[in-house]
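Be aware that the sequence shown starts at -8, since it is given in my numbering, and climbs by one per residue. Here is the structure we will look at.
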Amino acid sequence: MSDSPRDTRRRHLARRFRQVLEAEYVLTRESELRPYECDGLPAYRHLPLIVVLPADAAQVQAVMRICHEEQVPVVARGAGTGLSGGALPLEDGVLLSLARLNRILEVDPDNLCARVQPGVRNLAISEAARPHGLYYAPDPSSQIACTIGGNVAENAGGVHCLKYGLTVNNLLALELVTAEGERLRIGSGGLDGPGYDLSALLTGSEGMLGIVVEVTVRLLPIPARAQVALAAFDDIEKAGQAVADIIAEGILPAGLEMMDQPSLQAAEDFVHAGYPTDAAAILLCEVDGDNEEVSEEIARVRQRLLDSGATEVRTAQDEAERARFWAGRKAAFPAVGRISPDYYCMDGTIPRKHLPRVLRKIAAMSQEFGLRAANVFHAGDGNLHPLILYDGNAPGELERAEAFGGRILELCVEVGGTITGEHGVGLEKIDQMCAQFPPEELQLFHAIKAAFDPRGLLNPGKAIPTLNRCAEFGAMHVKAGDLRFPHLERF
């Protein structure tokens, strides 16, 4: 039996890649490809044509030159912990794994920075900097596994992003390989530099503009003291209002997180963090700084929480208790996975003042779609993570979960927010990009993509919808009499 065109193409590319990589790092068998078929959004799966694992930037360049010559699309992948389908491979494309580029090249305590390769785990940066009294601030819940390259691609945040910012706020320089295989350095060792701020453009670009091969991150001194307060509420809307009240008080916490009853119960059963499981919702509010500053701030936080209707406020008595409080929050996603066959993790951001209203609407949607939702929020910056519980083996439940999630994202846009806070758009949210942006802005996004990648080989089909796709999405909404997004009629 003759080989299919796909098999012939795979064999040809494998021969070329094995000229620049060791043969064992060019994967072609189905059993080798299967681990790369999805990222942290397993509802979407594709088997890549071929997987390559370069060892350094020079090999990444060589791979990209071959792909450019052969006009084969490329999807870059870090640890595969992304939750938006951003690293979903293409059946006719190359999956380029950066897992072997995992060295910390330099920790420079004098200049408060570190140079690392993209495959370095987020947490490993802080571990390497700790002997110098320093740490890397962005701390996604997956920081034990996620890599800095993926953090750059998605502009990841974490529980302390309210005070210390997202990935983009903690980068000094990037080195990337272009679609043609050229190597560029963007940014410098300083906090600012001449010319356009291309680092900000590349951070969050989801691997569509270049392949990051080195990152220079900003390091911060470890605070002298950090203390967290846990507040319980008998009503989730009161907890939402307390978030706005704390910020209005002029307090800028290092972290301000919220969990509703289903999520805190799941986390407590999993981690035994000491959460009050009879509460409708809890807030975790952390302040850090010098001893005197923390003592003053934590007292103000405690009083503000009580004034906002908290039924109980606990303050961590030592570092071990503080670590337990945060362990429950950071384990919320896997904990919810223990109470449902599947869940669909959403990611949207809203103005804080609308948190109570949005929570009410999510509860109403839960009833409408017949699916439970567990809510976990980076409440301080309005970043919502509703976890929609479903059973992928039950006919129609995945489709209902996707529709529910789409409605939540559109609600975020409706109240003046955005469809993503840190997970990226990927494939998951591409239709809701049409609700977020009018055609003129999408055309500008496509123009930027074309300037970096004229052949459209880098992660094609992700993040930025075509105008034709938006026209179909808009026609569906207009037909349904949905007037929330009038610009849809212009597609």
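Don't be surprised by glycine CBs; every beta carbon is placed ideally from N, CA and C. Given the structure is predicted, the values throughout are model-derived calculations rather than measurements.
Of the residues the options, which one's Cα is nearest the Cα of residue i?
i, options, result
"PRO445", "VAL469, HIS59 and ASP30", "HIS59"
"GLN134", "THR158, GLU197, ILE242 and GLU23", "THR158"
"GLY408", "GLY69, GLN252 and ASN374", "ASN374"
"GLY73", "CYS461, GLU303 and GLU413", "GLU413"
"MET356", "GLY371, LEU32, HIS345 and PRO377", "PRO377"
"GLY328", "ALA290, HIS369, GLY383 and HIS345", "GLY383"
"GLY172", "ARG460, ILE455, HIS478 and PHE443", "PHE443"
"GLU401", "PRO386, GLU390, ASN366 and ASP422", "ASP422"
"ALA191", "GLY180, ALA290 and LEU165", "LEU165"
"VAL98", "LEU92, ARG121, ARG91 and PRO109", "ARG121"
"ILE330", "ALA364, ARG174 and ALA307", "ALA364"
"ALA48", "GLY76, VAL168 and ASN160", "VAL168"
"LEU274", "GLY280, SER299 and HIS437", "SER299"
What is the rounded straight-line gap between the Cα of residue i and the Cα of residue j?
i, j, result
"LEU211", "SER117", "10 angstroms"
"ASN450", "PRO64", "7 angstroms"
"ARG25", "ALA220", "44 angstroms"
"TYR266", "LEU255", "7 angstroms"
"LEU200", "THR(-1)", "29 angstroms"
"PHE428", "ARG305", "43 angstroms"
"ASP473", "PHE464", "11 angstroms"
"PRO129", "VAL42", "30 angstroms"
"ALA46", "VAL349", "46 angstroms"
"GLU288", "ARG94", "39 angstroms"
"ASP338", "PHE224", "24 angstroms"
"ALA222", "ALA290", "13 angstroms"
"GLY110", "VAL85", "18 angstroms"
"CYS461", "MET424", "8 angstroms"
"PHE316", "ALA264", "5 angstroms"
"GLU419", "ALA385", "21 angstroms"
"ASN282", "ALA307", "15 angstroms"
"LEU448", "SER132", "31 angstroms"
"ARG56", "ALA5", "14 angstroms"
Taking 8 angstroms as the cut-off, decide whether the C-beta atoms of residue i and residue j are in contact.
i, j, result
"LEU89", "CYS29", "no"
"GLY396", "TYR335", "yes"
"CYS104", "ARG209", "yes"
"GLU248", "PRO347", "no"
"LEU87", "ALA67", "yes"
"VAL234", "ALA354", "no"
"GLN50", "LEU96", "no"
"ALA301", "VAL367", "no"
"HIS345", "VAL404", "no"
Label residue i either buried or exposed according to how many other C-beta atoms from any shown protein chain fall within 10 Å of its C-beta, with 16 as the threshold for buried.
i, result
"LYS453", "buried"
"GLN358", "exposed"
"ARG351", "exposed"
"MET467", "exposed"
"HIS3", "exposed"
"GLY231", "buried"
"ARG176", "exposed"
"LEU435", "exposed"
Answer yes or no: does any C-beta atom of chain B fall closer than 8 angstroms to that of residue i?
i, result
"LEU167", "Annotation note: the requested chain B is absent from the structure, which comprises a single protein chain."
Should the region 251 to 261 be called in touch with the region 304 to 313, which here means at least 3 C-beta pairs below 8 angstroms?
no
If contact is defined by three or more beta carbon pairs under 8 angstroms, each pair taking one atom from either stretch, is the region 236 to 252 in contact with the region 149 to 156? yes
* **Segment contact, 8 angstroms Cβ cut-off, at least three pairs: the region 186 to 206 with the region 233 to 240** => No: the two stretches stay apart, fewer than three of their Cβ pairs being nearer than 8 angstroms.
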